[in-house]
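Residue numbers (my numbering): 5 to 102.
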């Protein structure tokens with residue numbers, strides 16, 4: 005599966021939350037089904053989030069936050085994405101790679 009292509013599809017057909025604070029909040033609310041991290045997302049944040057919410061799939065992509073933001077059509081860097089609804093994409097079939 006091409007994760008980046010599926011992520012781009014999810015930006016138009018699904019429901020995504022961007023940013024570290026908002027992603028953590030969506031995990032706390034029980035709405036997040038998948039968390040996607042950029043390659044340069046702070047390791048401490050990734051470790052803490054995956055420990056606190058072990059039931060949620062966590063996946064790190066191999067692009068930096070600047071490129072992840074651009075891929076999602078955002079004019080700013082994005083280090084963390086919470087997937088609430090994957091839309092037509094197959095993102096929810098991903099297995100954790102942390």
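Beta carbons: idealized from backbone N, C-alpha and C, even for Gly.
Residue j and residue i - do their beta-carbons sit closer together than 9 angstroms?
i, j, result
"residue 65", "residue 11", "yes"
For residue i, count neighbouring C-beta atoms within 10 Å of its own C-beta (all shown protein chains included) and say buried if the count is 16 or more, exposed if not.
i, result
"residue 36", "buried"
"residue 55", "exposed"
"residue 83", "buried"
"residue 61", "buried"
"residue 77", "exposed"
Any idea which residues DSSP pairs residue i with across the strands?
i, result
"residue 41", "64, 84"
"residue 4", "Outside the displayed span of the chain (5 to 102) sits residue 4, for which this structure offers no information."
CB-CB under 7 angstroms to residue i, same chain, minus the five flanking residues each way: which ones, in chain order?
i, result
"residue 1", "Outside the shown range of the chain (5 to 102) lies residue 1, about which nothing can therefore be said."
"residue 24", "49, 83, 84"
"residue 80", "73"
Three or more C-beta pairs below 8 angstroms linking the stretch 84 to 98 and the stretch 31 to 45: Segments in contact, yes.
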